[in-house]
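Below: the structure, in structure tokens.
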Amino acid sequence: MIEVNSVSFRYHEAWVLQEVSFRVEKGEFVGVIGPNGSGKTTLLKLLYRLLAPQRGEILIELAPMKKMDRRDIAKRIAVVAQETQVLFPFSVFETVLMGRSPYLGSLLFESEKDLEIARKAMEWTKILPFSERSIEELSGGERKRVFIARALAQEPEIVLLDEPTANLDIQHQIDFLDLILALNRERGLTIVMASHDMNIASEFCDRLILLQEGRIYQTGTPEEVVTKENIESVYGCEVWVDQHPISGMPRISLLRKGSVER
Amino acid sequence: MKIITAKKVLTVSVLLSLVLIVIILVSITMGSVKVPPLRSIRILFQSIPGLKRAGNETERTIILSLRLPRAILAGFVGAGLSVSGATFQALLRNPLADPYILGVSSGAAVGAIIAILLGLGVSSFGLPLASFLGALLSILVVFYCGRREGRIHPHTLLLAGVIVGSFLSALIMFFISLSQKEELRTIIFWLMGDFSFSNARAILIVFPYILLGGLFLYLRAGHLNLILSGEESAVQLGVEVERLKLVSYLSASLITAASVSVCGLIGFVGLIIPHSVRLIFGPDHRLLIPASALIGASFLIACDTLARTLLAPVELPVGVVTAAFGGPFFIYLLRTRKAIRTL
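Below is the structure:
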């Protein structure tokens, strides 16, 4: 369980997040949505303590995060970032094995058990066939799978995703999201996903947090959060909200200026 | 599956150590005074007490007091510069980084030139000391400029290093313009790297830094791998990134300072050896660091041997040889890189 208690954060003068409080229960799939600059990415960075809040506190299973050892955080929380840079070409297997790093401690080399865990993670994400290839040779979709496998190798309780579907075509989007959903449903992992795509968020998440200028505008189920009133007020543009024809979840359509009157 | 294991690192290290030993043996038999190879080796081994003496006094002096210390010193410096170069490339996430990129060399050069202008000889204790102090000073200045709010920013550090380096270069030019003819030659040779005044004392000066610094960096090899994909990514995997950057910056800088203080500025080794090793063995620091150290040692001993034998009795600055042979070899590796990686 993640508990965020009236957290405020600023990089310089201006507050980027203010008085943010929410809870994520174990096994939940929570989406964080909001316009550019509303603080989604900053919020995720606070959740794995890349940044520390100036006010308020964050608890993981009731333990204050600021007192936790960084390696302990990495054992419980894995992150799949938007884009990971590749400077020197490690192989897929080497990259996935890096997920075992928090467990190595002062040991320099992975044990047979670490290799087995990494192998299972690759099997699960279906990247075993190209485990020897260098990650710089992979496509965007394949590379995303490698970083999920790396996250799985960390054996975390919580996975944080930052704009996971940006830059992916629809086939790879749905592949990726099904994989994440399976992590959530089959393995019971808690997922927090920041996303620009409100249709994806409302289709896949149990609960949504809508941010506006660093404050929580509303939290609740997708039906409660993704409404015409909320979206128009937060994003400042006209939208049409109806229901997904199959799932019945809220669906947003963009509107051209003046097209509703016609 | 191909991954780095302790066994692989050990095997490669043992093989490369054998190569290093062969190169040291070859190096001590070569020179303007011909000492037959077998006798050289015999002289070397009977310096271990209790064995029968071979060769005459002159030959013993040449082998044991001149060539052997010189080879050992070149070996330590080659290893130190290569490990330091590999570390800076990871720390700054910049393939063009080398041990001198953050101005350590210019600081050392200013120290050395001041010592030379004050009349301290190349063989005196004062010169390496002055050069080491100059290097330390530049490390501190760059570190002070490159750190903001307790964090090291690679780009700020890089800029600070380059600018401090340029400023010190201006000082170097200024001192050169003031110097007399004999001093000028000493300064130029120092700036191009010179092992001709190697002795046991110089080895004693460098080896603690290179050995301890290298060991210190090796213990962080796994974390250096992680920082290659960015600092955020390393934090996600549980690395205390600021501590890692601080420790590796200081270790690599001290290794460079110690190396440079005993033999001047030998270029190219610290840039090219880590890249060559990456092309052959891959980017994992757990293998990269020991392999770079051993190959760097072998390479610099070989280059120095050529430097003192090619145009004997005239000695070339070793920096000329490292660049002349290292450059084409590196281009060859670069061109055949795919073939090497699939080995």
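Quick mapping for you: the protein sequence lines, in order, are chains A and B. Under the working numbering, the very last position in the first sequence is 371; numbers go up by exactly one each time. Under the working numbering, the very last position in the second sequence is 345; numbers go up by exactly one each time. We treat Cβ as the ideally placed atom computed from N, Cα and C, and that holds for glycine.
Item	Value
Using the beta-carbon of each residue, which ones in chain A are nearer than 7 Å to Asp286/B?	Glu203
Closer than 9 Å by beta-carbon distance: list the chain A residues that pair up with Lys4/B, in chain order.	Ser200, Phe202, Glu203, Glu241
Identify, in the order they occur along the chain, each residue of the same chain with its Cβ nearer than 7 Å to the Cβ of Phe197/B, setting aside the five sequence neighbours on each side.	Arg72, Leu75, Ala76, Cys265, Asp306, Val320
Got a sec: is the Cβ-Cβ distance from Ser424/B to anything in chain A below 9 Å?	Outside the displayed range of chain B (3 to 345) lies residue 424/B, so it cannot be described from this structure.
Could you tell me the alpha carbon to alpha carbon distance between Val141/A and Pro331/A, rounded to whole angstroms?	11 Å
Within the same chain, show all residues whose beta-carbon is closer than 7 Å to that of Leu27/B, passing over the 5 residues directly before and after it, in chain order.	Ile43
Could you tell me whether the Cβ atoms of Phe199/A and Gly284/B are closer together than 9 Å?	yes
What does Leu1/B reach in chain A if we use C-beta pairs closer than 7 Å?	Residue 1/B falls outside the range modelled here, since chain B spans only 3 to 345, and no answer is possible.
DSSP three-state label for Tyr326/A, please.	strand
List the endpoints of the continuous alpha helix (DSSP H) containing Ser19/B.	8-31
Starting from the beta carbon of Tyr157/A, find every residue of chain B whose beta carbon is closer than 8 Å, and list them in chain order.	Val237, Gln238
From Gln163/A, Leu153/A, Phe218/A, Glu272/A, pick the residue whose C-alpha is nearest to that of Asn1/B; which is it?	The requested residue 1/B does not occur in the structure, where chain B is confined to residues 3 to 345.
Could you tell me which uninterrupted beta strand (DSSP E) segments, each at least 3 residues in length, are contained entirely in the region 192-226 of chain A, listed from first to last along the chain?	none
I'd like the list of long-range same chain contacts for Val237/B, defined as Cβ closer than 6 Å, with 5 residues on each side in sequence excluded.	Val243
Where does Thr274/A sit, in a helix, a strand or coil, going by DSSP?	coil
Please report how far the alpha carbon of Leu153/A lies from the alpha carbon of Glu266/A, in whole angstroms.	15 Å
Pull out every residue of the region 251-266 of chain A whose Cβ sits closer than 7 Å to any Cβ of chain B, in chain order.	none
Does the beta-carbon of Phe90/B have 16 or more other beta-carbons within 10 angstroms, so that it is buried, or is it exposed?	buried
Once DSSP output is grouped into helix, strand and coil, what is the label at Phe197/B?	coil
Kindly list, in the order they appear in chain B, the residues whose Cβ is closer than 7 Å to that of Phe197/A.	Leu230, Arg280, Pro285
In chain order, which continuous runs of the alpha helix (DSSP H) of length 4 or greater are located wholly inside the region 110-157 of chain B?	128-148
What first and last residue would you give for the alpha helix (DSSP H) that runs through Ala223/B?	223-229
If we cut at 9 Å on Cβ distances, does Val241/B have a partner in chain A?	yes
Per DSSP, what kind of secondary structure is Ala314/B in: helix, strand or coil?	coil
Got a sec: is the Cβ-Cβ distance from Val188/A to anything in chain B below 9 Å?	yes
For a contact defined as C-beta to C-beta under 8 Å, what are the partners of Ala8/B on chain A?	Leu217, Phe218
Shortest alpha-carbon distance to Ala291/A belongs to which of Phe138/A, Glu225/A, Tyr344/A?	Phe138/A
Judging by CA-CA distance, which residue of Ser19/B, Ser34/B, Ser15/B is the nearest neighbour of Pro315/B?	Ser34/B
Shorter than 9 Å from the beta carbon of Pro97/B to some beta carbon of chain A?	yes
How about the region 99-111 of chain B and the region 160-179 of chain B: do they share at least three Cβ pairs that are nearer than 8 Å?	yes
Exposed or buried, Asp100/B, counting other C-beta atoms within 10 Å across all chains shown (16 or more means buried)?	buried
Would you grab the beta carbon distance between Phe239/A and Val268/A for me? Rounded to a whole angstrom, and I think it's under 8 Å.	Not quite, the Cβ-Cβ distance comes to about 23 Å (not below 8 Å), so this is no contact.
Does Thr13/B come within less than 9 Å of chain A when only Cβ atoms are used?	no
So, helix, strand or coil for Met302/A, using DSSP?	strand
In its own chain, which residues sit with a C-beta less than 7 Å from the C-beta of Val279/B, not counting the 5 before and 5 after it?	Leu290, Ala293, Ser294, Ile297
Leaving out five residues before and five after Leu126/A in sequence, what residues of the same chain have Cβ atoms less than 7 Å from its Cβ?	Val116, Ser117, Phe118, Gly148, Thr151, Leu152, Gly323
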